[in-house]
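Just below is one structure, and these are the notes that go with it.
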Amino acid sequence: MKKFVSITCALIFFAVLIVFPDTAAASALDGLKLCASLIIPSLFPFFVATKLISELGLAQWLGKAFAPLSRRLFNVSGSGGTAFIIGVTAGYPMGAAYIASLCKNGDISKSEAERLLIFCNNSGPSFIIGAAGVGVFKSSVIGLFLYAVHILAAFLGGIMFAPNSVEKYAEPQTVRSSASFAAAFTGAVKSSVTACMSICGFIVAFSVLAGILEKAGAFAAAAKMLSAVFGMELLWSNALFCGILELGNGIGAMSGLSTSPINLALAAFILGWGGISVHFQTLSVIGGTDIKTARYIIGRFVIALMGSALALLGAAVLF
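For reference, each letter of the sequence shown is one residue, going 539 to 857 in this note's numbering.
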């Protein structure tokens, strides 16, 4: 049955590419422009840096420094604290990439990696403040507010998904033998190029999919149905559907909406969820590990709901 559904979806996608070739080409070009202007410049340096941290053995030193706080707050090893900081500063999917490196090198267990993935893979300040705050709501203050809500929701998610029983973590007493800087840097650049190309591939693919769905009227039809059933504003429901599929399109679809608490709650939900495109990017960077993603998907949805609730309450008080 699964194979039949997969084949059917593939055939439908192929058919719509034939029906809307111009839309597909234009959407692919938009995706490539996004990758060239924003994704590669912002992610590639972080990919190289996080890979160097892992390969040179710095992750163990940082893990020891963060161990007391990480254990107390999230009941994870010290490396988890480093992963959280990278996750809230570097943006999707850098938190996942760093967690995958830790798991591959044996610095954390599979179960810990699956928990960390839930709350350490987040949107970065440049996108939230720049694209959402200034770009959509024309306010850096709103951007800072959404970023603060985003971090707080991830932080609370880390506490919520911490194991009930106290786990014991044997922090390494000696630093693992590391590669030379030249070897580590060469490997970091090569793996970072591969990772960036994979992410850009998903961005272009989902840009094409979103463009075709919009051209075919699928987003508009779904938005009208949601608006009719729940009485939502049409632009609001359209942004929700776009955001479920792809983060950038979802936030971009909010242009024209006011800074009311309910609209900021929607933005917080889209940022917290990340979009199906980001989840596929996450799958690509954790490839080669045995990390399962079922908890991650559920956890991100819960964190998105928490972020939405925090934004609704916070905006009602502050704005």
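For each residue, glycine too, the CB sits at the ideal point set by N, CA and C.
Please read all numbers here as calculations on a predicted model, not as lab measurements.
Grab the span of the alpha helix (DSSP H) containing Asp-560 for me, first residue to last.
559 to 572
Cys-734 versus Pro-583 - alpha carbon distance
10 Å
Where Ser-678 falls: helix, strand or coil (DSSP)
helix
If you reduce the DSSP assignment to three classes, tell me which class Phe-584 lands in.
helix
Looking at the unbroken alpha helix (DSSP H) that takes in Val-614, where does it start and where does it end?
No alpha helix (DSSP H) holds Val-614; DSSP gives it neither H nor E.
Along the chain, where does the alpha helix (DSSP H) that runs through Asn-776 open and close?
772 to 783
Who are the near neighbours of Gln-711 in its chain, counting only those whose CB is closer than 6 Å to its CB and skipping five residues on each side?
Low confidence applies to Gln-711: its pLDDT is 46, below 50, so where it sits in the model is not reliable, and the reading given next is rough at best. Nothing listed; no residue qualifies.
Alpha-carbon to alpha-carbon, Val-557 and Leu-581:
34 Å
Rounded to a whole number of angstroms, what is the C-alpha to C-alpha distance between Pro-701 and Asn-613?
7 Å
Going by DSSP in three states, Leu-747 sits in which element: helix, strand or coil?
helix
Do the stretch 543 to 557 and the stretch 681 to 698 meet, that is, are 3 or more Cβ pairs less than 8 Å apart?
no
Put Leu-821 into one of helix, strand or coil per three-state DSSP.
helix
Distance, Cα to Cα, Lys-676 vs Ile-646?
41 Å
Grab the span of the alpha helix (DSSP H) containing Pro-799 for me, first residue to last.
799 to 811
Output the boundary residues of the alpha helix (DSSP H) element that contains Tyr-636.
632 to 642
Less than 6 Å between C-beta atoms, sequence neighbours within five positions excluded: which residues of the same chain meet that for Val-554?
Ile-750
Three-way DSSP call (helix, strand, coil) for Ala-700 in this model
coil
Report yes if the C-beta distance between Leu-783 and Ile-741 is below 7 Å; otherwise report no.
no
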